[in-house]
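Down below is the structure, laid out as structure tokens.
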Amino acid sequence: MKKEYPNAKIDFLCVSESIPFEAKESAPVTQHVRRLVKDTEVHKMGALTEAGYFQKRLSIPTVILGPGSLEHCAHKPDEFVETSEMDMCYKVLIDLAELISGNGSTHRL
0 MKKEYPNAKI DFLCVSESIP FEAKESAPVT QHVRRLVKDT EVHKMGALTE AGYFQKRLSI
60 PTVILGPGSL EHCAHKPDEF VETSEMDMCY KVLIDLAELI SGNGSTHRL
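FYI, numbering that gives the first Met the number 0 numbers position 98 of the sequence shown as 97, with every residue one higher than the one before it.
Below, the structure is given as structure tokens:
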């Protein structure tokens, strides 16, 4: 390119960054979620979320939680989430909000 256009140049501007995320096992939010979903296994995922940004840039303890399956149906043709999984997620999120706010939890699960 420089041969034909000696003053040509290309500038790159990073407009987005992916910050790695790893849940802190000792964080209260992690412990609350583990109790609510009755899961003690550490899960890894190969997907981009805002979790790393919340945790590292904003110092907000963070977990990744939601209905459905990244492996089986997320970001694929005919993507879907079962209604029963949406209902369960709603109950977990309400219980988690009550636990974090100090209002206890009615444990809808």
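Even glycine gets a Cβ: it sits at the ideal position worked out from N, Cα and C. It should be emphasised that the depicted structure is a prediction, and the values quoted were computed from it without experimental measurement.
A straight line joining the alpha-carbon of residue 46 with that of residue 68 spans about 12 Å. The continuous alpha helix (DSSP H) containing residue 92 extends over residues 82–100. Taking the Cβ atoms as the reference, residue 48 lies roughly 6 Å from residue 63, within the contact range of under 8 Å.
A buried status is given to residue 32, since no fewer than 16 other beta-carbon atoms sit within 10 Å of its beta-carbon. Cβ contact annotation for residue 7 (same chain, cutoff 8 Å, sequence separation greater than five): 0 and 1, in chain order.
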